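Colleague:
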Amino acid sequence: MSSVLYDHIKQFIPTAQIPYEDIDTCFDRLGLAKKETLIEAGEKCDKAYFVEKGCLHAYFIDDNGVEKTVQFAIEKWWITDFLAFRYQNKTDFYIQAVEVSEVLYITRNKLEELFARHPEMEGYFRQVYEIGYGAAIMRIKYIFNYSKEEIFFHFANQFPEFVNRVPQYLLATYLGLTPEYLSKLRGRKFS
């Protein structure tokens, strides 16, 4: 089993309850090149991805043909279109590697089998989903509550690794900024 996933599960479930060898059989590994796409809009979403190494982003393309990033995932984070994954529907999103990455993935069918054999894993995934949902709600609060400048500075203070790690144009779409305006803000922050 992946030591990264093993350590992540241990953060949420006491060690004595985790049947690691059996859990490992439910996951497959995938290496990704930079900018390689995992899933495209219009495809059935039947996998959830755990990032062992690297960075991925989920995005959609708006009516003007502009990519809009809605989620990032770095090491020890999960990424998928969770609603489409839940209902086994087609997704409206693309998921792409931002950098060379290694992911583990589990299909919806394997996840259901895992829950049937090891109900304690539902607790792990529930906690992961709660954290992800809470982060999404906070992002919405910032969008409603703060100016574009305040959103950037709050994000940069809370997640400095993203500001240096993620390409500026992706970060700009995630924060609802233009790349030019983000460049100006970064200049003020880091000068």
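137 is the number that this note's numbering gives to position 136 of the sequence shown; each next residue is one higher, with no gaps. Here a beta-carbon is modelled for each residue, glycine too, at the ideal position from N, C-alpha and C. Given the structure is predicted, the values throughout are model-derived calculations rather than measurements.
1) Run through DSSP, which three-state label would Ser148 get?
2) Hey, how far is the Cα of Ser192 from the Cα of Asn110?
3) Are the beta-carbon atoms of Ala85 and Ile62 separated by less than 9 Å?
4) Which of the three DSSP states is assigned to Cys113 in this structure?
5) Quick one: complete beta strand (DSSP E) runs, 3+ long, within the segment 26 to 62?
6) Pick out whichever of Ser102, Ile19 and Phe28 has its Cα sitting closest to the Cα of Leu112.
7) What distance in whole Å lies between the Cβ atoms of Tyr95 and Tyr60, which are believed to be in contact at a cut-off of 8 Å?
8) Straight-line CA distance for Gly124 to Trp79?
9) Between which two residues does the beta strand (DSSP E) harbouring Leu105 extend?
10) Hey, could you find the ends of the beta strand (DSSP E) Val164 is sitting in?
11) For Glu131, does the three-state DSSP call read helix, strand or coil?
12) Out of Thr92, Pro20 and Leu105, which one is the CA nearest neighbour of Leu31?
13) Which same chain residues, not among the five before or five after Val164, have their C-beta less than 6 Å away from its C-beta?
14) State buried or exposed for Lys45, treating a residue as buried only when at least 16 other CB atoms are found within 10 Å of its CB.
15) To the nearest whole angstrom, what separates the beta carbons of Gly177 and Lys149, a pair I think is in contact under 8 Å?
Modeller: The relevant details are as follows:
1) Reduced to three states, the DSSP call for Ser148 is coil.
2) Only weak support exists for where Ser192 lies, its pLDDT of 48 falling under 50; the coordinates are left without a value.
3) No, the pair does not count as a contact, with Cβ atoms beyond the cut-off.
4) The sequence given here places Glu at residue 113; Cys does not occur at that position. Reduced to three states, the DSSP call for Glu113 is helix.
5) Complete beta strand (DSSP E) runs here, min 3: 29 to 33, 38 to 40, 48 to 54 and 56 to 62.
6) Here the closest residue by C-alpha is Phe28.
7) About 6 Å; that satisfies the 8 Å criterion.
8) Straight-line measurement puts the Cα of Trp79 at about 15 Å from the Cα of Gly124.
9) Per DSSP, the unbroken beta strand (DSSP E) holding Leu105 starts and ends at Ser102 to Thr108.
10) Looking at the DSSP string, Val164 is not in any beta strand (DSSP E); the run it does join, the alpha helix (DSSP H), is Pro161 to Arg166.
11) In the structure shown, the three-state DSSP call for Glu131 is helix.
12) Of Thr92, Pro20 and Leu105, the residue nearest in Cα terms is Leu105.
13) Excluding five sequence positions before and after Val164, the CB atoms of its chain that fall closer than 6 Å to its own CB belong to Ala157, given in chain order.
14) The residue in question, Lys45, is exposed, as its Cβ has fewer than 16 Cβ neighbours within 10 Å.
15) About 7 Å separates the Cβ atoms of Gly177 and Lys149, confirming a contact at the 8 Å cut-off.
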